[in-house]
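So the protein lines, in turn, are chains G and X. Each residue of the first sequence is one higher than the last, beginning at 77 in the numbering used here. Each residue of the second sequence is one higher than the last, beginning at 7 in the numbering used here. A virtual CB, placed ideally from N, CA and C, is assigned to each residue, including glycine. Only a predicted model underlies this, so the values are computations on that prediction, with no experimental measurement involved.
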Amino acid sequence: MMFRRRPNEPQRRSGAERDFKLQIANLQFAICNSCLSCVVLCLALFSPTATAADVEESVLKSEADRIAAVAKAAPSVLAIFAQGGQGGGSGVVITPDGYALSNFHVTKPCGNYMQCGMADGKLYDAVIVGVDPVGDVALIKLFGRDDFPTAELGNSDLVQAGDWCFSMGNPFLLATDFTPSVSYGMVSGVHRYQYPAGTLLEYADCIQTDAAINPGNSGGPLFDAEGRLIGINGRGSFEKRGRVNVGVGYAISINQIKNFLGGLRSGRIVDHATLGAQVVTGETGDVVVTNILEECDAYRRGLRVDDEIVRFAGRPIRSANALKNMLGTLPRDWRVPLAYRRDGQIHEIYVRLMGVHRKDELIAKTDGGGVPEPPQPKPKPGEPMPEGRRPDGQPNGKEPGDQGDGESEKSKDGNGRRRPPFRMPQALPKAEKMPEIVKQHFEKGDPGFVNYFFNQQNQDRLWRGVTAQGDFSQFEGAWTLSGMAMGNVGEFKIELTNIGAGIELPTGDTDMNVAEGLAARLNPPESGGLLSTLWLWRKYLVEGPKKFGKLEYRGTAPLPMREGLYDVLVGTTEGVDCLFFFEPAGGMLVALEMFPEGTDADPCEVYFLEYQEHEGRHFPRRLEVRYGDRVFGVYEVAKVELNKSGDQAP
Amino acid sequence: MNRGRVWLAVMALWAFWGLVSAGALADDRSLPAVIRDVQSKIVKIYGAGGFRALEPYQSGVLISADGYVLTAHSYVLDADYITCTLDDGRKFEAKLLGADPRLEVAVLKIEATDLPYFDLAKAVVAAEGTRTLAFSNLFGIAFGEEPASVQRGVVAAVTALEARRGVFESLYTGRVYVVDAMTNNPGAAGGALTNIQGELLGMLGKELRNARNNTWLNYAIPISQLTSSVELIRAGKVPPAPEDGPDKKLPNPMTLEALGIVMMPNILPRTPPFVEKVRPNSPAAKAGVMPDDIILFIDDALVQSVDSLGAALARIAIDERIRLTVERDRALVEVTLEVPLEEQTPKRKTPEGQGTQTNADGNR
Numbered sequence: 077m078m079f080r081r082r083p084n085e086p087q088r089r090s091g092a093e094r095d096f097k098l099q100i101a102n103l104q105f106a107i108c109n110s111c112l113s114c115v116v117l118c119l120a121l122f123s124p125t126a127t128a129a130d131v132e133e134s135v136l137k138s139e140a141d142r143i144a145a146v147a148k149a150a151p152s153v154l155a156i157f158a159q160g161g162q163g164g165g166s167g168v169v170i171t172p173d174g175y176a177l178s179n180f181h182v183t184k185p186c187g188n189y190m191q192c193g194m195a196d197g198k199l200y201d202a203v204i205v206g207v208d209p210v211g212d213v214a215l216i217k218l219f220g221r222d223d224f225p226t227a228e229l230g231n232s233d234l235v236q237a238g239d240w241c242f243s244m245g246n247p248f249l250l251a252t253d254f255t256p257s258v259s260y261g262m263v264s265g266v267h268r269y270q271y272p273a274g275t276l277l278e279y280a281d282c283i284q285t286d287a288a289i290n291p292g293n294s295g296g297p298l299f300d301a302e303g304r305l306i307g308i309n310g311r312g313s314f315e316k317r318g319r320v321n322v323g324v325g326y327a328i329s330i331n332q333i334k335n336f337l338g339g340l341r342s343g344r345i346v347d348h349a350t351l352g353a354q355v356v357t358g359e360t361g362d363v364v365v366t367n368i369l370e371e372c373d374a375y376r377r378g379l380r381v382d383d384e385i386v387r388f389a390g391r392p393i394r395s396a397n398a399l400k401n402m403l404g405t406l407p408r409d410w411r412v413p414l415a416y417r418r419d420g421q422i423h424e425i426y427v428r429l430m431g432v433h434r435k436d437e438l439i440a441k442t443d444g445g446g447v448p449e450p451p452q453p454k455p456k457p458g459e460p461m462p463e464g465r466r467p468d469g470q471p472n473g474k475e476p477g478d479q480g481d482g483e484s485e486k487s488k489d490g491n492g493r494r495r496p497p498f499r500m501p502q503a504l505p506k507a508e509k510m511p512e513i514v515k516q517h518f519e520k521g522d523p524g525f526v527n528y529f530f531n532q533q534n535q536d537r538l539w540r541g542v543t544a545q546g547d548f549s550q551f552e553g554a555w556t557l558s559g560m561a562m563g564n565v566g567e568f569k570i571e572l573t574n575i576g577a578g579i580e581l582p583t584g585d586t587d588m589n590v591a592e593g594l595a596a597r598l599n600p601p602e603s604g605g606l607l608s609t610l611w612l613w614r615k616y617l618v619e620g621p622k623k624f625g626k627l628e629y630r631g632t633a634p635l636p637m638r639e640g641l642y643d644v645l646v647g648t649t650e651g652v653d654c655l656f657f658f659e660p661a662g663g664m665l666v667a668l669e670m671f672p673e674g675t676d677a678d679p680c681e682v683y684f685l686e687y688q689e690h691e692g693r694h695f696p697r698r699l700e701v702r703y704g705d706r707v708f709g710v711y712e713v714a715k716v717e718l719n720k721s722g723d724q725a726p
Numbered sequence: 007m008n009r010g011r012v013w014l015a016v017m018a019l020w021a022f023w024g025l026v027s028a029g030a031l032a033d034d035r036s037l038p039a040v041i042r043d044v045q046s047k048i049v050k051i052y053g054a055g056g057f058r059a060l061e062p063y064q065s066g067v068l069i070s071a072d073g074y075v076l077t078a079h080s081y082v083l084d085a086d087y088i089t090c091t092l093d094d095g096r097k098f099e100a101k102l103l104g105a106d107p108r109l110e111v112a113v114l115k116i117e118a119t120d121l122p123y124f125d126l127a128k129a130v131v132a133a134e135g136t137r138t139l140a141f142s143n144l145f146g147i148a149f150g151e152e153p154a155s156v157q158r159g160v161v162a163a164v165t166a167l168e169a170r171r172g173v174f175e176s177l178y179t180g181r182v183y184v185v186d187a188m189t190n191n192p193g194a195a196g197g198a199l200t201n202i203q204g205e206l207l208g209m210l211g212k213e214l215r216n217a218r219n220n221t222w223l224n225y226a227i228p229i230s231q232l233t234s235s236v237e238l239i240r241a242g243k244v245p246p247a248p249e250d251g252p253d254k255k256l257p258n259p260m261t262l263e264a265l266g267i268v269m270m271p272n273i274l275p276r277t278p279p280f281v282e283k284v285r286p287n288s289p290a291a292k293a294g295v296m297p298d299d300i301i302l303f304i305d306d307a308l309v310q311s312v313d314s315l316g317a318a319l320a321r322i323a324i325d326e327r328i329r330l331t332v333e334r335d336r337a338l339v340e341v342t343l344e345v346p347l348e349e350q351t352p353k354r355k356t357p358e359g360q361g362t363q364t365n366a367d368g369n370r
């Protein structure tokens, strides 16, 4: 029987290697007599220099590659501790200025700030930035460096069962010097779905691995064989064997986190998406709508009961689970493509997704005291790792048996002896007060925020981008845009002032008066409120974020038929919500959407398709206006007139 | 049909690939490709359970193109309705063809054709140090067309389970592959252990806990241990005892009463055949049948319920000698019973319908 070591051999030295040598010895000396074999075997076993020479080149190379991948990844890994050392978990740094990912269930018990140990042996202060309680993700920011070592983000959609991977972190809080532990393993499955606890901590489209994921690993990174970040570990299947790895761990896919990263940077509590429709998997793998809410966007776009969903958000859908998986990776309010089949014909639509929660509901669940409850063991086993707990399920800092929780059986080892209590590393300073650097980067803000400071930072960043395109603050007078309306073939003229707006079109002239409210007259008819939308655009450019009214940075979202994600700013004023979409690089405003507040109506959508130079400022040259399912008009701006003062009614 | 055409195309591709690579295929495939191939032969099995720590699911391996499934013999199969979900998401009702509790193995049959499968005759053996892959639907993670989970490990030992009697409570006492991966979790039983080339080595066994130190064994039963038993079951030579009585009644059939055995009250659709009482000085008492024994076999027929026990007895004449295989304290015990001549005749005059026996005799 020939024994072969293959590339990517996991590190199992003693036994396997001895066998290996034995086999090599047998192979090489199969023709020799047994005596000679024995001598050679003994030499092979006891000669320290024999090792390298006997091992295949490819094995040595894969070992070297593995070591290199771990060495590349390790500096970015965090051991996260709550202030005073009560609990913690793991994390990973993703930007040189210190943004880092972890689990919501790790940061939640820490409160607003925490301390992070890195492989360099140093502790860094960190503050909470944003949380995703449904996806069990938190974004924090470390202080003290602008050159933090970072993890390279991978593409988790390319991960497949059988890929090698490794988890890093601080299981059982073993590393007193913060050097992360590494455990190597295999991807056991992808696109896995693990049920939430109620509505929180849902692991959709997650990665299943047999790399050991233990208590304390939560929030830590799962890397691919090249050391690229493919997921955040946070959950394992446990049942009767105690709270230790049983060969089944789950990582939130990094591609899901990429979808939420903008939202997390906004300092908010972000919510996940739901379609507003129920589906079932039919006998032949068709996914059929069985129920749909009339107030959801999918219904307004035409989706009906008995329609068959074939693609969603770029992925083919062949089971209800696949749709649930995909939905679970998307933030609320995102607009994603959906293709459905009716009477043999495929229809493609863009659907605006609803939230899983009402806003107040999610805030109540998130701000509520205590660690989120673990998910129900049924219908599928799988619970978040208890952070700051020892493998026997006892909280840190307490002796076993301190609390009569009926777990005494588990805390005993096989001989009925008590396990030695696990203790937190003593090196941690017990800082009870918020450090100065954290204070400077923390502002609780209104309900719905975990740290408004970062929302303000992003609002400021966007405004800097806008003013770099052109400063319009002095043009407080009337704005006149005129040119050709391409859709209805004819000239158009739009006038915007401080108190209202008017438009002249070949189909007729209409206007809008702010005093009546922006939602009162959604003119021109069938546009959804083009005049109100442009009026808000002018207001933002002229008055700036300080005077605009209530503004909030919402994160990033896609736009139909465009690549990439756009920064989204939401303004609430005069009875409407207005979304501003900015190009992430350069800060160019590319689209506006205006929703009459408190209704399920479609918004007016304005796309600035091209910009032109106007007196040293960038100004839109071509506007596309959409409402509902159709294009209302496309306007080629030939002439722009911006006045500096004076209120002229339209 | 479309599926047929796809299958032809796949076969053609294989043939072509075989020509090109001249048999080196197994070694040339990437690990994910090997894994994908094995996953296509793993089935998700659903049956009885669903309360307390008894998961109503386990795993199985396709062992023929026409739908024979190798799996572990367990409570999951004690159901009137067993289903198998294939890797492609298709769901079939499965029939239990038979089982060998001594090996904790069972064979199911689904009505399907052209399935990917493992040929048990081509199963390989492995020595310690062999790198392995374990495939199963542990924890029931995968649904429908979602592929089974895969875990990697090494054969840590090839050893007899017998030496661990009293520690690991298993009916199976033959050789096992002990692996260093956490393979034997809830729902994993019946899954496949392969080498890294995707060749079948063994069938993942049921969960085994070491009663002394609360550790769990991760192991697979080598296919070579199972082959002959599986072939017998496939050939219909060890069918389970029928659930219904014979069409034509014997003039003088064997009864539980004559044997002196009182079974657990038959209150469930498939009441497990537990012995409740043994009458003193009865043939059963003399043979050493004990209360709490669970009757697994009458002669070579697998007994799955009190009903099937009664039905099996009804096919045996009272003057025949019968062999019972019972499970007692997680071990198999074989006993031979014989009804003495003097009790055979008076038996007919004994009024019928006493207590629990009428429920158990299968001729209600």
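At a Cβ threshold of 8 Å, is residue i touching chain G?
i	result
M209/X	no
G157/X	According to the sequence provided, residue 157/X is Gln. The question's Gly does not apply to it. Yes, its Cβ sits closer than 8 Å to a Cβ of chain G.
G197/X	no
F145/X	yes
Can you give the Cα-Cα distance for residue i and residue j, rounded to whole angstroms?
i	j	result
G208/X	M188/X	15 Å
S608/G	K400/G	37 Å
G620/G	E552/G	12 Å
A301/G	Y81/X	40 Å
G604/G	D678/G	7 Å
R540/G	T200/X	60 Å
E349/X	A264/X	7 Å
R698/G	K509/G	54 Å
L260/X	T331/X	Leu is not the amino acid found at residue 260/X; the sequence shown has Met there. Their Cα atoms are separated by approximately 17 Å.
V111/X	F242/G	35 Å
D409/G	S134/G	50 Å
E85/G	I143/G	For E85/G, the predicted structure reports a pLDDT of 39, less than 50, and the residue's modelled location is therefore unreliable. A value from the coordinates is still provided. So the two alpha carbons sit approximately 12 Å from each other.
Does any residue of chain X have a CB that is nearer than 8 Å to the CB of residue i?
i	result
D777/G	A query on residue 777/G cannot be resolved here, the shown segment of chain G reaching from 77 to 726 and no further.
L237/G	Note that residue 237/G corresponds to Ala in the displayed sequence, not to Leu. Yes, because at least one Cβ of chain X sits closer than 8 Å to the Cβ of A237/G.
N321/G	yes
S395/G	yes
H348/G	no
V324/G	yes
Run through the region 241-296 of chain X for me and flag every whole alpha helix (DSSP H) of 4 or more residues, listed as ranges in chain order. 262-265 and 289-293
Is it the case that the region 287-306 of chain G contacts the region 145-156 of chain G, given that we only count it when at least three CB pairs across the two stretches are under 8 Å? yes
Counting Cβ pairs closer than 8 Å, one from the region 235-245 of chain X and one from the region 260-273 of chain X, do we hit at least three? no
Do the region 362-380 of chain G and the region 336-346 of chain G touch if we need at least three Cβ pairs shorter than 8 Å? no
When you compare the region 685-697 of chain G with the region 524-535 of chain G, are there three or more beta-carbon pairs, one atom per stretch, that lie closer than 8 Å? no
Whole beta strand (DSSP E) runs in the region 146-184 of chain G with 3 or more residues, listed along the chain? 153-158, 164-169 and 175-178
Which ranges would you report for the beta strand (DSSP E) in the region 53-82 of chain X if only whole runs of at least 3 residues count? 63-68 and 74-78
Is the number of C-beta pairs between the region 274-291 of chain X and the region 74-90 of chain X that are closer than 8 Å three or more? yes
Count the CB pairs spanning the region 209-224 of chain G and the region 177-196 of chain G that are closer than 8 Å, and state whether there are at least three. yes
Output needed in chain order: residues of the region 411-424 of chain G with a Cβ under 8 Å from some Cβ in chain X. none
Near-chain G residues of the region 273-287 of chain X (beta-carbon distance less than 9 Å), N- to C-terminal order: none
Near-chain G residues of the region 175-189 of chain X - C-beta to any C-beta below 8 Å: D186, A187, M188 and T189
To be precise: take each residue of the region 93-124 of chain X, compare its Cβ to all Cβ atoms of chain G, and keep it if any distance is under 7 Å. Which residues remain? G95
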